[in-house]
Structures are given as structure tokens and as C-alpha cells.
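Undergrad:
Number of protein chains: 2
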Amino acid sequence: MVSDKQKNILNFINIFVEKNGYAPSVREICAGVGLKSTSTVQYHLEKLINSGYLQKNYKKSRALTIKSQNPKNKIPILGEIAAGSLLMAEENVIGTVNYPRSEETSELFALSVSGDSMIDEGIHEKDLVIINKSVQIKNGDIGAFLINNTEGTIKFLRKIDGKSYLVPANKNYKNILVNENVQPIGKVVSLIRDM
Amino acid sequence: MVSDKQKNILNFINIFVEKNGYAPSVREICAGVGLKSTSTVQYHLEKLINSGYLQKNYKKSRALTIKSQNPKNKIPILGEIAAGSLLMAEENVIGTVNYPRSEETSELFALSVSGDSMIDEGIHEKDLVIINKSVQIKNGDIGAFLINNTEGTIKFLRKIDGKSYLVPANKNYKNILVNENVQPIGKVVSLIRDM
DNA sequence: GTTTTATTCGAACAAATGTGCTAATATTAA
DNA sequence: TTAATATTAGCACATTTGTTCGAATAAAAC
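Here the protein sequences come in this chain order: H and F.
Counting the first sequence from 1 gives a position; this note's numbering is that position plus 139.
Counting the second sequence from 1 gives a position; this note's numbering is that position plus 139.
1. For Val252(F), name the three-state secondary structure that DSSP assigns.
2. Smallest Cα separation from Cys169(F): which of Ser303(F), Ile299(F), Leu187(F), Val180(F)?
3. So, Glu260(F) versus Ala308(F), is the Cβ gap smaller than 8 Å?
4. What would DSSP say about Ala308(H), mapped onto helix, strand or coil?
5. So, is Ile152(F) buried or exposed, given that buried needs 16 or more other C-beta atoms within 10 angstroms?
6. Give the DSSP bridge partners of Val321(H), in chain order.
7. Please classify Ile331(H) as buried or exposed, where buried requires at least 16 other C-beta atoms within 10 Å of its C-beta.
8. Measuring alpha carbon to alpha carbon, tell me which of Val321(F), Pro163(F), Ile293(F), Leu184(F) ends up nearest Ser303(F).
9. Excluding sequence positions up to five away, which residues of its chain have a Cβ less than 7 Å from the Cβ of Ser200(F)?
10. Can you grab the Cα-Cα spacing for the pair His183(H) / Ser253(F), in whole Å?
11. Skipping 5 residues on each side, what residues in its chain have a beta carbon closer than 6 Å to that of Ser224(H)?
12. When the Cα atoms are used, what is the spatial distance from Val327(H) to Lys272(F)?
13. Under 7 Å between beta-carbons, which chain F residues line up against Val327(H)? List them in chain order, please.
14. Which residues in the same chain as Leu316(F) place their Cβ atom closer than 7 Å to its Cβ, once the five residues preceding and following it in sequence are excluded?
15. By a C-beta neighbour count over all protein chains shown, 10 Å radius and 16 as the cutoff for buried, is Leu149(F) buried or exposed?
16. Less than 7 Å separating the Cβ of Val327(F) from some heavy atom of the ligand GTP?
17. Could you compute how far the alpha carbon of Phe155(F) sits from the alpha carbon of Asp300(F)?
18. What is the DSSP secondary structure of Ser337(F), counted as helix, strand or coil?
19. Please list the partners that Ala162(F) has in chain H, where partner means a Cβ-to-Cβ separation under 7 Å.
20. Evaluate Lys198(H) with the Cβ neighbour count: other Cβ atoms within 10 Å of its Cβ, from every protein chain shown; 16 or more gives buried, anything less gives exposed.
21. To which residues does DSSP link Phe295(F) through a beta bridge?
22. Is there a C-beta anywhere in chain H that falls below 8 Å from the one on Thr204(F)?
23. Counting only C-beta atoms, is Arg201(F) closer than 8 Å to chain H at any point?
24. On a Cα-Cα basis, can you pick out the residue from Gly291(F), Ile270(F), Leu193(F), Gln145(F) that is closest to Gly160(H)?
25. Would Ile168(F) count as contacting chain H if we go by Cβ distances under 8 Å?
26. If you reduce the DSSP assignment to three classes, tell me which class Asp259(H) lands in.
27. Contact criterion: CB-CB distance below 8 Å. Does Ile148(H) meet it with respect to chain F?
28. Using a cut-off of 9 Å between C-beta atoms, extract the partners of Gly263(F) located in chain H.
29. Drop a sphere of 10 angstroms on the beta-carbon of Gly291(F), count the other beta-carbons inside from all chains shown, and report buried for 16 or more, exposed for fewer.
30. Quick check on Lys175(H): buried or exposed, where buried means 16 or more other Cβ atoms within 10 Å of its Cβ?
31. By Cβ distance, which residues of its chain are closer than 8 Å to Lys313(F), with the 5 residues on each side in sequence left out?
32. Tell whether a beta-carbon distance below 8 Å holds between Gly325(H) and Gly282(H).
33. Just curious, the beta strand (DSSP E) that Ile270(F) is in, first and last residue?
34. By Cβ distance, which residues of its chain are closer than 6 Å to Thr204(H), with the 5 residues on each side in sequence left out?
35. Is Asp333(F) helix, strand or coil by DSSP?
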């Protein structure tokens with residue numbers, strides 16, 4: 140299906156990207172694989188794209204991406220959870236973190252823990268908790284919640300006498316009854332602490 | 140050091156790269172962060188580069204790379220620390236974990252925590268601790284140690300009355316005097332917990 | 001042999017893109 | 001206040017870069 144030259148080109152692109160962090164231009168591919176005409180490279184690129192090995196962005200430079208590359212594993216770190224506006228608004232993103240342990244990174248985001256209400260569960264201030272917003276928080280799980288559309292918090296969800304509570308892991312804090320002011324955001328699936 | 144706008148730009152680049160697989164052009168950054176002049180973006184890029192957050196390639200398009208982003212981010216997870224044979228022997232590797240937050244991943248490895256001797260420090264059984272074997276463990280640090288060439292453990296290193304001790308974060312365990320039977324392995328630099 | 005297909009080249013073009021310069025405006029320091 | 005610094009804008013320019021067209025060559029099929 141793809142010729143040796145095409146494999147050669149694909150390989151060159153691969154190595155180039157790994158080395159430089161960005162894709163080569165058509166002319167750099169020329170030089171890299173020993174071709175003198177940009178249109179020859181163009182010709183091979185088209186083949187590679189049709190064969191599904193490459194992706195290109197029309198008229199954008201260095202916009203080649205190699206298909207079936209590793210899953211995108213960067214997930215956004217949210218700062219303050221803005222009132223009302225449900226998450227993910229770009230202005231709330233204060234950074235990104237590599238979290239390559241899951242396929243469906245689009246469902247994930249990270250929150251920096253503030254406060255010590257979960258200290259007894261080994262969740263410290265400044266820890267980064269990874270939250271999957273499409274996993275339902277079940278009884279006994281640790282989840283992220285939005286209270287009064289204002290404040291984001293990490294707590295246990297516990298059912299006590301038929302009612303649901305947000306339960307801290309710190310005796311100095313009280314349980315919070317789950318009512319219409321408490322909005323579940325997602326389950327805490329992982330924790331990262333840098334020291 | 141870097142202004143909000145600069146963080147904003149860095150973040151935009153981050154997200155753009157994540158989304159598209161290649162870096163944005165100067166004009167795309169303009170549009171992305173709400174600036175009308177390419178030279179303003181140029182101005183901020185220079186700041187980010189001087190501050191070490193970005194790398195650029197002169198006159199090459201879309202040739203921005205975000206620093207401290209290393210593709211080689213898989214580090215080995217060691218199981219039991221085999222007696223004598225210092226680490227890293229392949230037979231001790233029980234898996235790998237992606238850990239992309241450091242440059243020098245070759246200095247790093249991970250240990251799965253066993254036992255609850257550091258529970259009060261929020262380090263639980265089954266947690267994965269990342270250890271940098273080329274960072275010296277200083278007084279007050281949490282480090283990994285090999286005891287009697289047999290048993291690996293995670294403890295505080297504390298100097299008390301001129302002597303060094305391995306100090307657990309759990310009253311049920313005793314301090315261990317550091318002598319020739321205790322061998323430092325490396326500093327615990329990070330912790331990962333999956334839930 | 002002839003025909004078809006695959007590959008390569010060269011040149012030219014238009015668009016995308018990084019860069020440089022000057023000036024205006026906003027912010028902060030003195 | 002004034003002075004210094006930081007930020008933004010606008011414009012023009014030189015390159016880089018993707019693209020297109022036509023033709024030549026090589027390889028394979030017939």
C-alpha cells in the first residue's frame with residue numbers, strides 16, 4: 140500500500156517530531172529523505188494521508204500530525220470554579236497536567252485541593268485531584284461538588300438515614316446535607332502530590 | 140515574573156497543542172488570547188522564552204515548544220526491593236507509570252507503598268511514590284530506604300540529638316536508628332493515588 | 001515492443017508566518 | 001506630579017511554506 144519512500148518519510152516525520160517537538164516543513168522533509176522537489180514530497184504525503192497514516196491541515200505550516208499517536212493525556216487544571224458557569228471555561232484553566240493513565244481524558248480535569256477537610260483521608264492542601272465528570276459519585280465515594288454555585292469542594296458522599304451528606308475526613312468540619320444547593324461535579328479518581 | 144497575559148498565552152499554547160498536535164502561529168495566538176497585534180504577542184513570547192517557559196526556533200513557523208515537557212516519561216515501578224542487588228534489575232520491575240513532570244526521568248522510579256507507617260502524612264498503602272534516586276534525602280524529607288539490604292521502606296529522615304532516624308508518620312511504629320544497615324535510596328518527590 | 005502507472009523534478013505563485021520598527025497607551029515607581 | 005516601565009497596536013517587509021501545473025523519468029503491466 141505504502142512504498143518504501145513513504146515509510147521513509149513517515150519515519151522521518153516521526154523522528155523529527157520527537158526530536159524537535161514540532162513537525163517538519165515540506166522542504167525539510169525534502170532534505171531529510173533526499174528528494175529535490177517539494178511536489179514529490181507533496182505527492183507522498185497525500186498517499187500517506189489517504190492511507191490513514193498522517194493528518195494534515197490545509198495550508199497550515201508544520202501542521203502534520205501522525206495518526207494513532209499516543210492518546211492525548213494532558214488534562215486541564217481548573218482554578219476557582221466560577222459561579223454558575225459550569226467548568227471548562229477557558230478562563231478557569233490555570234494549567235494542564237499530564238495524566239496518561241486513562242483513555243478518555245476529555246472527561247477528566249484536575250483541581251488543586253484547598254483546605255484540610257479531607258486530611259484524614261490523606262488528601263492534603265495543594266494536592267491535585269483528578270476528577271472524572273462523567274462518573275457518577277456513589278455512596279462512599281470521594282467526589283467533587285459545587286456548593287451554592289460558588290465553592291468547589293472535595294468530600295465523601297455518604298447516605299445516612301436516607302439522606303445524602305457531604306462528609307469531610309476531618310472532625311473539625313461538619314457534614315453538609317445534600318440539597319438543591321449541592322451540585323455533583325464528578326468522582327475523584329486519582330490524586331497527585333508533588334513534594 | 141510573568142504577567143497574567145503571559146500565563147494566559149502559555150496556557151493557550153498548551154491547550155492548542157493538546158488539541159491540534161501542533162503549535163499555534165503568532166496570529167492564532169493573537170486571536171486566541173484577544174490581542175490585535177502580532178508584535179504584542181511577539182513581545183510576550185520573548186518574555187516567556189526568557190523566563191524559560193517556552194522555546195522557539197528562529198524564523199520557523201509553529202516551532203514553539205513548551206519547556207519541561209518530556210516525551211520520555213515512563214518510569215519503572217519496582218516491586219520488592221531485592222536484597223543486595225541495587226534496584227533497577229529488570230526482574231524487579233513490575234510495571235511502568237507515566238510521570239511526565241520531570242526532565243530527568245532516568246533518575247526516577249516508583250514504589251508501591253506497603254504498610255501504613257506513613258498514614259499520618261497521607262501516604263496510604265497501595266499509593267505509588269515517585270523516588271528520585273539522585274536527590275539526597277535531607278533532614279525532614281521523606282525518603283525511601285533499604286534496611287538490612289532486604290526491606291524497602293518510606294520514612295521521614297530526622298536528626299535527633301545528633302543522630303539520624305527514620306521516623307514514621309504513625310504512632311504505632313518506632314523510629315529506626317540510621318546505621319550501616321540503613322541505606323538511603325532516594326527522595327520521595329511525588330505521590331500518585333488511584334481510587 | 002507499447003501502455004499504464006508510479007515517481008521525480010523544476011519552477012512559479014499565493015498565502016501564511018515570523019520579524020522589525022515606530023508610536024500610542026496604560027501601569028507602576030519615584 | 002513626573003519619569004520609567006510594561007503593554008498594546010499598526011504597518012510593512014522578507015521568508016518560509018504549502019500548493020499547483022507541466023513535464024520528464026523510471027518501473028511495471030500488457
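All C-beta atoms in this analysis are idealised placements derived from N, C-alpha and C, irrespective of residue type, glycine included.
For clarity, every value in this text was computed on a predicted model and none was experimentally measured.
TA: Let me spell this out:
1. The residue given as residue 252(F) occupies position 113 in the second sequence. Coil, per DSSP.
2. For the purposes of this step, residue 169(F) is taken as residue 30 along the second sequence, with counting starting at 1. Looking at the Cα atoms, Val180(F) is the closest of the given residues.
3. For the purposes of this step, residue 260(F) is taken as the residue at position 121 of the second sequence. For the purposes of this step, residue 308(F) is taken as the residue at position 169 of the second sequence. Yes, these two residues count as a Cβ contact at 8 Å.
4. Numbered from 1 along the first sequence, position 169 holds the residue referred to as residue 308(H). Looking at Ala308(H) - three-state DSSP - the assignment turns out to be coil, as it is neither helix nor strand.
5. Along the second sequence, one-based indexing puts residue 152(F) at 13. Buried is the call here.
6. In the first sequence, counting from the first residue as 1, residue 321(H) sits at position 182. Answer is Ile286(H).
7. Along the first sequence, read from residue 1 onward, the residue named residue 331(H) stands at position 192. Buried, by the Cβ-count rule.
8. Sequence index remark: in the second sequence, residue 303(F) carries index 164 (1-based). Checked all of Val321(F), Pro163(F), Ile293(F), Leu184(F); the closest Cα to Ser303(F) is Val321(F).
9. The residue labelled residue 200(F) in the question sits at position 61 within the second sequence. Contacts found: Ser164.
10. By 1-based counting over the first sequence, the position of residue 183(H) is 44. By 1-based counting over the second sequence, the position of residue 253(F) is 114. Each residue's Cα considered, the two are about 54 Å apart.
11. Numbered from 1 along the first sequence, position 85 holds the residue referred to as residue 224(H). Per-residue confidence for Ser224(H) stands at a pLDDT of 36, beneath the threshold of 50, marking its modelled position as unreliable; the derived number appears in the next sentence. None.
12. As a working mapping, residue 327(H) is identified with position 188 in the first sequence. As a working mapping, residue 272(F) is identified with position 133 in the second sequence. Val327(H) and Lys272(F): Cα-Cα distance of roughly 30 Å.
13. Taking the first residue of the first sequence as position 1, residue 327(H) is located at position 188. The answer, in chain order, is Met334.
14. Taking the second sequence and counting its residues from 1, one reaches residue 316(F) at position 177. The residues are Lys302, Tyr304.
15. Indexing the second sequence from 1 puts residue 149(F) at position 10. By the neighbour-count rule (16 or more Cβ atoms within 10 Å), Leu149(F) is buried.
16. Absence of the ligand GTP from the depicted structure is noted, as is the absence of any ligand whatsoever, leaving it without description.
17. Working through the second sequence from its first residue, we reach residue 155(F) at position 16. Working through the second sequence from its first residue, we reach residue 300(F) at position 161. Approximately 54 Å, taken between the alpha carbons.
18. Outside the shown range of chain F (140 to 334) lies residue 337(F), about which nothing can therefore be said.
19. The sequence position of residue 162(F) within the second sequence is 23, counting from 1. Per Cβ cutoff of 7 Å: Tyr161.
20. If you number the first sequence from 1, residue 198(H) lands on position 59. The residue is exposed, with fewer than 16 neighbouring Cβ atoms inside 10 Å.
21. Here the question's residue 295(F) lines up with position 156 in the second sequence. Paired residue(s): Ile281(F), Val306(F).
22. For the purposes of this step, residue 204(F) is taken as residue 65 along the second sequence, with counting starting at 1. Closer than 8 Å to some Cβ of chain H, the Cβ of Thr204(F) qualifies, so yes.
23. Within the second sequence, residue 201(F) is the residue found at index 62, counting from 1. Yes, Arg201(F) lies at the interface with chain H (some Cβ there is under 8 Å from its Cβ).
24. Locating residue 160(H) in the first sequence gives position 21, counting from the first residue. The shortest Cα separation from Gly160(H) among Gly291(F), Ile270(F), Leu193(F), Gln145(F) belongs to Leu193(F).
25. For the purposes of this step, residue 168(F) is taken as residue 29 along the second sequence, with counting starting at 1. False, the Cβ-Cβ gap to chain H never drops below 8 Å.
26. The residue labelled residue 259(H) in the question sits at position 120 within the first sequence. Helix at Asp259(H).
27. Working through the first sequence from its first residue, we reach residue 148(H) at position 9. It does not; no Cβ of chain F falls within 8 Å.
28. The residue given as residue 263(F) occupies position 124 in the second sequence. Here residue 263(F) is His; the residue named in the question, Gly, does not match the sequence. What His263(F) touches in chain H: Glu260, Gly261.
29. Indexing the second sequence from 1 puts residue 291(F) at position 152. Buried, because 16 or more other Cβ atoms sit within 10 Å of the Cβ of Gly291(F).
30. The residue given as residue 175(H) occupies position 36 in the first sequence. Counting Cβ neighbours within 10 Å, Lys175(H) comes out exposed, since fewer than 16 surround it.
31. Position 174 of the second sequence, counted from the start, is the residue given in the question as residue 313(F). Contacts found: Pro307.
32. Along the first sequence, one-based indexing puts residue 325(H) at 186. Along the first sequence, one-based indexing puts residue 282(H) at 143. Yes, the Cβ-Cβ distance between Gly325(H) and Gly282(H) is below 8 Å.
33. Here residue 270(F) is taken as the residue at index 131 of the second sequence, counted from 1. Its beta strand (DSSP E) spans residues 267-271.
34. Numbered from 1 along the first sequence, position 65 holds the residue referred to as residue 204(H). Excluding positions up to five away in sequence, the list reads Gln194.
35. Your numbering for residue 333(F) matches position 194 in the second sequence. Looking at Asp333(F) - three-state DSSP - the assignment turns out to be strand.
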